[in-house]
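J.:
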Amino acid sequence: MAGLALALVLASPAPSWAQPAAAPAAKAAPKLTQSYHDRVEELQDQVNEGKLAEIRARIVPTTERKVFDVDDVNDSQTWWQYEDDTTFVHIENGTGRTITGLVLDFWVDSCSQKAKPPNTVHVLLRKPLRKNAQAVVVVPPSKLLHTKNEVSCLSVRGGW
């Protein structure tokens, strides 16, 4: 389950947080670690300081696209969400290709629970992410990426 992530939604303007799917198998609700909060804060600071690019994206209809494998991207991604459902995904492009779009799978449940099939969303980047580059992809609010739970799960399933 590497690369899957959890998110916590907080009141605006404070961000919600996500964490890799290494959540304990206990029946108690998953909790986010301080180290993960620190990681997201570090990424936000890098964007604010101009050290890390931010790429806006838009959700596009599902169409026939030649999607390529992005397991390495998924394994290293970090995501978080604001209360208005704006979703941020930190991507390190180690695919050897330029990425112009992403396929995201989203579960309302935690990564360890995933009781229902995911919502699949295709997002088109407004600026391509070159190979060996990294950026925070900003996905506008969508009911398909809406988390009502404290913890949810997102996976980067493919790229094009």
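Numbering (the numbering used here), first residue to last: -1 to 158. Backbone N, C-alpha and C fix where the C-beta goes; we use that ideal spot for every residue, glycine too.
Okay, do the region 134 to 144 and the region 48 to 57 touch, 3+ Cβ pairs below 8 Å being the bar?
T.: The region 134 to 144 vs the region 48 to 57: in contact.
J.: Looking at P138: is its Cβ nearer than 8 Å to the Cβ of T84?
T.: Yes, these two residues count as a Cβ contact at 8 Å.
J.: In whole angstroms, what is the alpha-carbon distance linking K114 and L143?
T.: So the alpha carbons of these two residues sit roughly 14 Å apart.
J.: Tell me whether the region 88 to 107 and the region 64 to 76 touch, counting them as touching only if at least three CB pairs, one residue from each stretch, are closer than 8 Å.
T.: Yes, since at least three Cβ pairs between the region 88 to 107 and the region 64 to 76 fall closer than 8 Å, the two stretches touch.
J.: What span of residues does the beta strand (DSSP E) with E90 cover, start to end?
T.: First-last of the beta strand (DSSP E) with E90: 85 to 90.
J.: Please list, in chain order, all residues of the same chain as Q42 whose beta carbon is under 6 Å from its beta carbon, the five residues on each side excluded.
T.: Excluding sequence neighbours, Q42 sits near nothing in its chain.
J.: Could you tell me if F104 is buried or exposed, where buried requires 16 or more neighbouring beta carbons within 10 angstroms of its beta carbon?
T.: It is buried - the Cβ of F104 has at least 16 other Cβ atoms within 10 Å.
J.: Whose C-alpha, out of T60, R128, H120, is nearest the C-alpha of L152?
T.: Minimum Cα distance to L152 is reached at H120.
J.: Please say whether T93 and G157 have beta carbons closer to each other than 8 Å?
T.: Against a cut-off of 8 Å, the Cβ pair of T93 and G157 comes out as a contact.
J.: Could you please give the first and the last residue of the uninterrupted alpha helix (DSSP H) stretch that includes N72?
T.: Segment 69 to 74, the alpha helix (DSSP H) holding N72.
J.: Would you kindly report the start and end of the unbroken beta strand (DSSP E) that includes S108?
T.: Counting along the chain, S108 falls outside any beta strand (DSSP E), and DSSP gives it neither H nor E.
J.: Starting from the C-beta of P59, find all residues in its chain whose C-beta is less than 8 Å away, skip the five residues before and the five after it, and write them out in chain order.
T.: The answer, listed in chain order, is H120.
J.: If you follow the alpha helix (DSSP H) that H144 is part of, which residue opens it and which one closes it?
T.: Counting along the chain, H144 falls outside any alpha helix (DSSP H), and DSSP gives it neither H nor E.
J.: Quick check on DSSP: helix, strand or coil for L30?
T.: Looking at L30 - three-state DSSP - the assignment turns out to be coil, as it is neither helix nor strand.
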